[in-house]
Amino acid sequence: MAAKAQQQIDISQLPINQLNQLAQQVEQEIEFFQTSLTQLKLAQGKFVESQECMNKICPENVDKEILVPLTSSMYVPGQLSSAENVLIEIGTGYYIEMSVDKGKDYFKRKIEYISKQMEKIQPILQDKYKMKQAMVEILQMKVQAQIAAQQGSAQPPKA
Numbered sequence: 001m002a003a004k005a006q007q008q009i010d011i012s013q014l015p016i017n018q019l020n021q022l023a024q025q026v027e028q029e030i031e032f033f034q035t036s037l038t039q040l041k042l043a044q045g046k047f048v049e050s051q052e053c054m055n056k057i058c059p060e061n062v063d064k065e066i067l068v069p070l071t072s073s074m075y076v077p078g079q080l081s082s083a084e085n086v087l088i089e090i091g092t093g094y095y096i097e098m099s100v101d102k103g104k105d106y107f108k109r110k111i112e113y114i115s116k117q118m119e120k121i122q123p124i125l126q127d128k129y130k131m132k133q134a135m136v137e138i139l140q141m142k143v144q145a146q147i148a149a150q151q152g153s154a155q156p157p158k159a
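Mapping of the sequence shown onto the UniProt record's numbering: position 64 corresponds to residue 64, and the numbering continues sequentially without gaps.
Written out as structure tokens, the structure is:
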């Protein structure tokens, strides 16, 4: 796949309507990246919570009553039958049985991966905010200049 050649455009040279469209496009991109960042934070929180639960699985807790999460808000009573292996959902309904230590490592890797993805998105989002701010400032100046020009041409010449 051929890479697109990026072309820089001096936004101060764009007409108001094109500048407006570009600002709307950047706003949509900001919303997309904000949504992505929010979803990553939620996923990271779930992995952190799962990792914390793994820390509570120890031989002392075998045969003790526990609450097993069915959903994020519904739990059923259960009993910890083994402190050696756990069943972990790896996505789309697939589960793998692994040792507690491997489970902890799995969640640690997931948390690190998501953190790296968030670190990639944050500078992009900041750049988009700066772009939008620059566009808004230029748009305001152009609109003010257009209003001033219209008011100047509307006044009758002084004799």
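Just so you know, even glycine gets a beta-carbon here, dropped at the ideal spot from N, CA and C.
C-alpha distance - residue i paired with residue j, whole-angstrom precision
| i | j | result |
| --- | --- | --- |
| residue 1 | residue 7 | Annotation note: pLDDT 47 at residue 1 (below 50); position unreliable, no value reported. |
| residue 71 | residue 29 | 32 Å |
| residue 94 | residue 122 | 31 Å |
| residue 125 | residue 16 | 24 Å |
Burial state of residue i (16 or more Cβ within 10 Å)
| i | result |
| --- | --- |
| residue 114 | buried |
| residue 19 | buried |
| residue 57 | buried |
Cβ pair residue i, residue j closer than 9 Å
| i | j | result |
| --- | --- | --- |
| residue 26 | residue 131 | yes |
| residue 65 | residue 79 | yes |
| residue 11 | residue 135 | yes |
| residue 111 | residue 47 | yes |
| residue 76 | residue 68 | yes |
| residue 104 | residue 55 | yes |
According to DSSP, residues forming a beta bridge with residue i
| i | result |
| --- | --- |
| residue 99 | 85 |
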